[in-house]
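Residue numbers for the sequence shown follow our numbering, beginning at 381 and rising by one.
Every residue, glycine too, gets a C-beta built ideally from N, C-alpha and C.
The next block holds one structure in the form of structure tokens; read it before the comments.
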Amino acid sequence: MSSKSNTFKKLTGSKSLWCSVFAISIISFIAGCSTPPTRGTAYRSSGGAAPGSYSSSIASFQAVSWGALPGWQEDSLAQAWPAWLKSCGALRKRNSEINWRQVCALANSVSSRDTQAIRQYFETNFQAYEVRSNSTGSDKGLITGYYEPVMNGSLTRTATYAVPLYGLPKAWRGNKPSPGPTRAELMSSGILRGSEIAWVQDPVAAAFMQIQGSGKIRLEDGRVLRLGYAGTNDQPFKSFAQWLLNRKEITRSQATMQGISAWAKRNPDRIEEMLNANPRFVFFKELPSDVSADVGPIGALGVPLTSERSIAIDLKAMPLGAPVFLSTTRPLSSQALQKLVM
């Protein structure tokens, strides 16, 4: 991930890492709510104890003390606070079974420079849970880095820019099938015709932008078009690297973005075959012009992501916007990476 690609990392580095995850769930201010809700959030009534454990469809949650979070006392929470305030700005506007409004209102009285006050805010208003996989029982998860792709492109198809980036098909707006057709089926069906937002040069780079879910297109007149995530065809994600490894097309050391791109340059007639190996297809939307090209990518909450403090989550496991504490190591290193993220 070079500086030329305008790297914007959710977490340091792009190497896949194993990590322990701790969900930090809101303590409800609604008295009498004793049944844990779905999607990985636990309430606690104002006078009762937090549930000891519960499960979502893919993960189980065991209540733990704040002292059980490795590195919690050492984390510079003031660095995470701006990310939380941005999330709160969006969360308090959402219709949700979670009482975000009250807990976010309390955040306004906390000094953004007082790490101890921020720590006290989370310990007072939230409950920590250790997250484990329902399928394996393991407390280990896979963590990957994020970057915001930047590519040259055009609003119209040209000889140079002939690879389309698509918005959600008009026929799917308000009536999207789930799951929808695979990538291969979409590309051959004609349903995407008329949904092109922009055109770029490299089909593999376009596929990587789909994986990231957002990006920037530098137009020939100097303008920058910001594209955000608009949805998927609800098909499972399959790794290009794993597809190539299974066919002995690349080695383990080549299972990187650069290695995959190099393979594509050597095998231009097989690029479409590789791209169709991933049935998932991501659609984009043009972000409003008042969103500065200088701020970070816009996340699912509609607010800019914060470098090293923003993550993507699975809504089957926990609610959008909920704080999470990660315990892992930095890429290619044994140095601990333990921090609060949103």
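- Y527 places its beta carbon 8 Å or farther from that of F663.
- Pairing G560 with N613 gives a Cβ-Cβ distance under 8 Å.
- Counting C-beta atoms within 10 angstroms of its own C-beta, Q590 has 16 or more neighbours from the protein chains shown and is therefore classed as buried.
- The shortest C-alpha to C-alpha distance from P711 to any of P677, I523, S518 and D519 is the one to I523.
- When only Cα atoms are considered, K550 and S568 end up about 17 Å apart.
- Within the same chain, D614 come within 8 Å of S558 by CB-CB distance, once the 5 residues on both sides are set aside.
- Secondary structure of L566 (DSSP, three-state): helix.
- In this chain, the beta strand (DSSP E) harbouring A610 covers V604 to T612.
- If the five residues before and after A716 are omitted, its C-beta is found closer than 7 Å to the C-beta atoms of G451 and T709, all from its own chain and listed in chain order.
- In the three-state scheme derived from DSSP, where H, G and I count as helix and E and B as strand, G560 is classed as coil.
- G639 and N505 have their alpha carbons spaced roughly 46 Å apart.
- Bridge partners of N505 according to DSSP: none are assigned.
- Just measuring C-alpha positions, the residue of W643, L548, Q453 and L681 sitting nearest C468 is L681.
- For R598, the enclosing beta strand (DSSP E) starts and ends at G595 to L599.
- Below 8 Å, enough C-beta pairs join the stretch 590-601 and the stretch 527-537 to call them touching: three or more.
- A direct Cα-to-Cα measurement between K466 and G593 gives close to 20 Å.
- Within the stretch 458-522, the complete alpha helix (DSSP H) runs of at least 4 residues fall at 480-487 and 495-505.
- Taking C-beta atoms as the reference points, R563 and F661 count as a pair closer than 8 Å.
- Of the candidates L605, N656 and A508, the residue whose Cα lies closest to the Cα of S619 is N656.
- About 40 Å separates the Cβ atoms of A463 and R627, ruling out a contact at the 8 Å cut-off.
- Here L607 is near K665, since their CB atoms are less than 8 Å apart.
- Here DSSP, grouped into helix, strand and coil, assigns G547 to coil.
- A Cβ-Cβ distance of about 15 Å is found for the pair A578 and L548, leaving them out of contact under the 8 Å criterion.
- Distance from the CA of I438 to the CA of G432, rounded to the nearest whole angstrom, comes to 18 Å.
- For N532, the beta-bridge partners assigned by DSSP are R598.
- Beta-bridge partners of Y527 (DSSP): none assigned.
- When secondary structure is reduced to three states using DSSP, F588 falls in the helix class.
- Taking the CA atoms as reference points, S491 sits about 21 Å from V704.
- For N647 and A702, the gap between their C-alpha atoms comes out near 43 Å.
- Taking C-beta separations shorter than 8 Å and ignoring five residues to either side along the sequence, the partners of T495 in its chain run S456, L457 and A458, following chain order.
- For the options E477, E510 and M722, the alpha carbon positioned closest to that of V683 is the one of M722.
- Burial check for N658: the Cβ neighbour count within 10 Å reaches 16 or more, so the residue is buried.
- In the three-state DSSP reduction, S633 falls in the helix class (H, G or I).
- For F661, the three-state secondary structure derived from DSSP is coil.
- Boundaries cannot be given for E688, as no alpha helix (DSSP H) includes it and DSSP labels it neither H nor E.
- If the five residues before and after S575 are omitted, its C-beta is found closer than 6 Å to the C-beta atoms of Y546, G547 and P549, all from its own chain and listed in chain order.
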